[in-house]
Structure formats: C-alpha cells, structure tokens
Amino acid sequence: TTNIQASEETNRNKIVDEAIKKNDRKAIYDLVEKMTDKISALETNTSSTSENPPKKAEVLKELGNEAYKRKDFANAHKYYDQATSLDPNN
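The following block contains the structure:
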C-alpha cells in the first residue's frame, strides 16, 4: 500500500506542477475538488470509527497527511495530535 500511495502522490505532484506551469485553472480546481472529496470521506470515516480508537487514529493520521500535502500545517498538526492521543504507537 505504501508504494501505491507514494506512486499516487508522485503522479499527483506531477499533475499539479504541470497545471501550475500551464496556468490551467480547471485542472487545479479539479485537483482541489478531488482532495476535498477525499478529506470529506476521511472525516466521515472518522465519525464511523469512534468505537475503534486505533482505526480512528489511522484515519486522523491520514487527514494529517493530506493537510500536510496541502501545506496546511496547522490542521496537519491538529490531526496528528488527535491521532497520537488515541494511539500513541501510531
């Protein structure tokens, strides 16, 4: 899974770089929309995992990762803190 995630991130970074170089607003908008959808899905998953702290911690960590990729460091830190409070080993 880690290799797949790394490959997806590399591909996403290439797409973002190309869209910025071309000043392709639609491509940039589409990427932001996809990332927003992914974050919403992860947040929904967080609500449904309240009975399973390790699973919820993993989802919160993923939210932190997504925020970090967007350079939203304040929210990344918030999600990472929440994740480690639920599962210090994660």
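1 is the number of the first residue of the sequence shown in full-length UniProt numbering; add one for each residue after it.
Virtual Cβ for every residue (Gly too), placed ideally from N, Cα, C.
Every value quoted in this text rests on a predicted model; they were computed, and no experiment measured them.
If you scan the segment 8 to 78 from start to end, which runs of the alpha helix (DSSP H) of 4 or more residues do you find wholly inside it? Counting only runs of 4 or more, we get 25 to 48, 53 to 69.
Taking 8 angstroms as the cut-off, does the segment 51 to 64 touch the segment 74 to 83 (at least 3 CB pairs, one atom from each stretch)? Segments in contact, yes.
Report the three-state DSSP secondary structure of Asp87 (helix, strand or coil). In this structure, Asp87 counts as coil in the three-state DSSP scheme.
Status (buried if at least 16 other CB within 10 Å, exposed otherwise) for Glu58: So Glu58 counts as buried.
If the criterion is Cβ atoms closer than 7 angstroms, does the pair Tyr29 and Leu60 meet it? In terms of Cβ geometry, Tyr29 and Leu60 do not form a close pair [threshold 7 angstroms].
Going by alpha carbons, who is nearest to Pro53 out of Arg70, Leu86, Glu18, Lys14? Considering only alpha carbons, the answer is Leu86.
Spatial distance of Asp81 from Glu33 (CA atoms): Within the model, the alpha-carbon separation for Asp81 versus Glu33 is close to 26 angstroms.
Cα-Cα separation between Ala27 and Lys21, rounded to whole angstroms: The straight-line gap from Cα to Cα measures roughly 11 angstroms.
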